[in-house]
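> Please see the structure below; I have some questions.
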Amino acid sequence: VEYLLDPARYNKLIRPATNGSQLVTVQLMVSLAQLISVHEREQIMTTNVWLTQEWEDYRLTWRPEDFDNMKKVRLPSKHIWLPDVVLYNK
Numbered sequence: 145v146e147y148l149l150d151p152a153r154y155n156k157l158i159r160p161a162t163n164g165s166q167l168v169t170v171q172l173m174v175s176l177a178q179l180i181s182v183h184e185r186e187q188i189m190t191t192n193v194w195l196t197q198e199w200e201d202y203r204l205t206w207r208p209e210d211f212d213n214m215k216k217v218r219l220p221s222k223h224i225w226l227p228d229v230v231l232y233n234k
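Each residue of the sequence shown is one higher than the one before, counting from 145 in this note's numbering.
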């Protein structure tokens with residue numbers, strides 16, 4: 145983890161793109177967890193949902209053979225770049 149988040153190689157404020165014109169594709173998945181209420185007359189529905197976001201960050205890669213064959217690691221989201229996603233109802 146120290147290797148991945150070393151400030152000399154990783155800055156969470158910079159999006160994971162190799163140049164300014166490269167797009168970062170973020171996949172969004174929404175799963176309905178709970179239907180809390182439905183007000184038909186007002187056309188309002190209150191729910192709880194799980195929002196999953198996936199993207200590639202090339203800066204968070206390593207050679208597993210250099211790290212005891214560790215192929216996966218979980219990092220707290222506060223340490224990595226996060227996409228700005230705004231959900232709205234239209």
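Using N, Cα and C, we set each Cβ at its ideal position, and we do this for glycine too.
CB-CB under 7 Å to Val193, same chain, minus the five flanking residues each way: which ones, in chain order?
Along the sequence shown, read from residue 1 onward, the residue named residue 193 stands at position 49. Val174, Ser175, Leu176, Ala177.
> If you draw a straight line from the alpha carbon of Leu146 to that of Asn213, how long is it in whole angstroms?
Sequence index remark: in the sequence shown, residue 146 carries index 2 (1-based). Sequence index remark: in the sequence shown, residue 213 carries index 69 (1-based). The sequence shown places Glu at residue 146, rather than the Leu named in the question. Those two C-alpha atoms are separated by around 16 Å.
> Quick one: what's Val193 bridged to in DSSP?
Numbered from 1 along the sequence shown, position 49 holds the residue referred to as residue 193. Answer is Leu176, bridged to Val193.
> Can you find the residues in the same chain that come closer than 7 Å, C-beta to C-beta, to Ile180, ignoring five residues on each side of it along the sequence?
Within the sequence shown, numbered from 1, the residue matching residue 180 stands at position 36. Shown here for Ile180: same chain residues with a beta carbon closer than 7 Å to its own, the five before and five after excluded, namely Thr190, Thr191, Asn192 in chain order.
> Alpha carbon to alpha carbon, what distance is there between Gln166 and Asp210?
Against the sequence shown, residue 210 aligns to sequence position 66. Against the sequence shown, residue 166 aligns to sequence position 22. Taking the straight line joining both Cα atoms gives about 29 Å.
> By how many angstroms is the C-alpha of Val230 removed from the C-alpha of Trp206?
Position 62 of the sequence shown, counted from the start, is the residue given in the question as residue 206. Position 86 of the sequence shown, counted from the start, is the residue given in the question as residue 230. Their backbone Cα atoms lie some 31 Å apart in a straight line.
> Kindly indicate which residue of Gln187, Tyr232, Asp201, Asp228 has the alpha-carbon position closest to the one of Asn155.
Position 11 of the sequence shown, counted from the first residue, corresponds to residue 155. Ranked by Cα distance from Asn155, the first of Gln187, Tyr232, Asp201, Asp228 is Asp201.
> Quick check: what's the CA-CA separation for His223 versus Leu149?
By one-based count along the sequence shown, residue 223 stands at place 79. By one-based count along the sequence shown, residue 149 stands at place 5. Roughly 8 Å separates the two Cα atoms.
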